[in-house]
Amino acid sequence: MPTYLRDHFAQIENSGFDGVGIKLPDEAGSGYVFDLKKNAKINAEARALQAKILMSLPKSKKLTHNFLIVHGTSSMDWFSDKDWAIAEEHLRWCAKTAKNAKLAGIFWDAEPYNGFPLWSYANQSQKSRYSFLEYYQQIRKRGAQFIKAVQEEFPGLTIFSLRQLSDFQDGSPFSAHLLPTQDPAMLQKGLSEAWWGLHAAFTNGIFDAIAPGVTFVDGNEEAYYYSSALEFERIARVLRNDALALVAPENRLRYAAQMQVGHAVSVDYTMGNWATAISFPDYLRRQGKELAPEQRAQWFEHNLYHALRTADEFIWVYSEDMSWWEGRNVPPGYSSALSTVRQKIETNTPPFDIETTLRSVREALKATRGKA
Numbered sequence: 196m197p198t199y200l201r202d203h204f205a206q207i208e209n210s211g212f213d214g215v216g217i218k219l220p221d222e223a224g225s226g227y228v229f230d231l232k233k234n235a236k237i238n239a240e241a242r243a244l245q246a247k248i249l250m251s252l253p254k255s256k257k258l259t260h261n262f263l264i265v266h267g268t269s270s271m272d273w274f275s276d277k278d279w280a281i282a283e284e285h286l287r288w289c290a291k292t293a294k295n296a297k298l299a300g301i302f303w304d305a306e307p308y309n310g311f312p313l314w315s316y317a318n319q320s321q322k323s324r325y326s327f328l329e330y331y332q333q334i335r336k337r338g339a340q341f342i343k344a345v346q347e348e349f350p351g352l353t354i355f356s357l358r359q360l361s362d363f364q365d366g367s368p369f370s371a372h373l374l375p376t377q378d379p380a381m382l383q384k385g386l387s388e389a390w391w392g393l394h395a396a397f398t399n400g401i402f403d404a405i406a407p408g409v410t411f412v413d414g415n416e417e418a419y420y421y422s423s424a425l426e427f428e429r430i431a432r433v434l435r436n437d438a439l440a441l442v443a444p445e446n447r448l449r450y451a452a453q454m455q456v457g458h459a460v461s462v463d464y465t466m467g468n469w470a471t472a473i474s475f476p477d478y479l480r481r482q483g484k485e486l487a488p489e490q491r492a493q494w495f496e497h498n499l500y501h502a503l504r505t506a507d508e509f510i511w512v513y514s515e516d517m518s519w520w521e522g523r524n525v526p527p528g529y530s531s532a533l534s535t536v537r538q539k540i541e542t543n544t545p546p547f548d549i550e551t552t553l554r555s556v557r558e559a560l561k562a563t564r565g566k567a
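So this is what it looks like as structure tokens:
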């Protein structure tokens with residue numbers, strides 16, 4: 196939050212990161228632009244205070260790429276212009292505040308945290324009234340309105356999306372496995388059934404109206420679960436090439452020019468902290484738990500290295516129940532990996548060869564599955 200960033204600025208500045216995502220407090224809307232219930236509780240004085248705090252932050256030569264977090268959680272009707280007007284007002288305020296505070300742009304987190312899967316056609320409240328194609332066109336329209344609002348308030352900004360067309364890669368058990376493919380009929384059917392299917396419509400809307408100078412980053416959240424260099428290299432090629440099958444022909448030049456490939460790196464997955472929290476096969480969920488502490492740090496550094504090497508500009512790191520800035524619950528070797536990996540990239544030095552170890556661990560877990 197802005198107050199936390201202000202009060203811990205020195206520690207965050209010296210943490211090894213180039214920037215952070217900044218979340219607004221509830222009374223300022225929390226960045227939940229589509230959540231009308233939260234928007235109804237916005238306090239104008241709280242908004243003004245948060246904007247003032249952000250604008251008062253010292254200039255930094257290290258923290259040069261900070262982003263204001265905007266969420267996709269929704270209680271909005273896609274077909275209601277009244278609902279959209281409320282959402283757009285808060286969206287414009289967020290973009291204007293980010294500009295005035297000299298942030299790099301908006302951190303777009305499309306995941307619906309209130310449980311309503313707003314990007315799934317099967318779960319839409321009016322699917323008996325509107326076809327998938329009608330929903331697709333309406334949400335594409337909203338995507339265009341979304342990008343117009345933010346770029347009018349903040350020309351030339353970067354929108355760092357945690358996930359976009361990367362959600363359709365053939366890899367993670369969480370993705371829809373639509374890419375690579377070039378079959379239009381297969382794609383439309385797949386999108387109509389996919390949990391993130393309508394986010395592709397929103398993406399096309401963004402590229403319908405994106406202005407010159409605006410950068411859009413696909414942050415590839417599915418990279419949390421990568422364990423090899425090949426996975427990072429492959430998705431970079433998929434997003435630059437195969438993903439064009441999901442982009443309208445009239446938008447492909449803009450997509451090629453203004454889309455950047457990014458990657459996520461997870462502390463918790465490499466630690467094995469999600470061994471009971473995600474619906475992966477056991478040999479994937481538990482591999483981090485089977486490693487020694489120094490091997491976990493090597494896996495983290497490995498993923499940092501290959502994420503940086505294959506991204507256009509940005510990668511992001513996610514962790515739970517820890518603080519890089521305060522040194523709370525930071526796993527051994529993880530902080531030093533942030534600086535070590537930069538040196539290895541600059542000197543073209545390979546990272547640790549952890550892939551052989553990870554394959555051995557997975558094979559061992561497969562062999563013992565179902566045994567006492």
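Here the sequence shown stands for residues 196 to 567, numbered as in my numbering.
Using N, Cα and C, we set each Cβ at its ideal position, and we do this for glycine too.
- At least 7 Å separates the beta-carbon of His458 from that of Asn524.
- Separation of Leu382 and Ser315 (C-alpha to C-alpha, rounded to the nearest whole angstrom) is 15 Å.
- The way I'd put it, the stretch 461-479 doesn't touch the stretch 386-406; fewer than three beta-carbon pairs between them come closer than 8 Å.
- Within the same chain, and ignoring the five residues on either side of Leu486 in sequence, no residue has its Cβ closer than 6 Å to its Cβ.
- Only residues of its own chain outside the window of five on either side were considered, and among them Gly214, His260, Asn261, Phe262, Thr353 have a CB closer than 7 Å to the CB of Ala299, listed in chain order.
- Ala371 and Asp516 have their C-alpha atoms roughly 29 Å apart.
- Counting only runs of 3 or more residues that sit fully inside the stretch 473-528, the beta strand (DSSP E) segments are 510-513, in chain order.
- The C-alpha of Pro307 is placed about 15 Å away from the C-alpha of Ala317.
- Pairing Pro379 with Ser269, the inter-Cα distance amounts to about 29 Å.
- When the five nearest sequence neighbours on each side are left out, the beta carbons in the same chain lying within less than 6 Å of the beta carbon of Gly211 are those of Leu533, Ser534, in order along the chain.
- Comparing alpha-carbon positions, the option among Leu448, Glu428, Asp221 lying closest to Ala235 turns out to be Asp221.
- Excluding five sequence positions before and after Gln359, the CB atoms of its chain that fall closer than 6 Å to its own CB belong to Thr398, Asp413, given in chain order.
- Secondary structure note for Val345: its alpha helix (DSSP H) is the uninterrupted segment 327-348.
- The three-state secondary structure of Ile207, taken from DSSP, is helix.
- For Gln364 against Glu417, the beta-carbon gap comes to about 6 Å, under 8 Å, which counts as contact.
- Annotation: Gly300 is outside any alpha helix (DSSP H); the continuous beta strand (DSSP E) that includes it extends over 300-304.
- Secondary structure at His394: helix, using DSSP grouped into helix, strand and coil.
- Residue burial is scored here from C-beta neighbours: Gly408 has fewer than 16 other C-beta atoms within 10 angstroms and is therefore classed as exposed.
- For the pair His203 and Trp519, the CB atoms are not nearer than the 7 Å cut-off.
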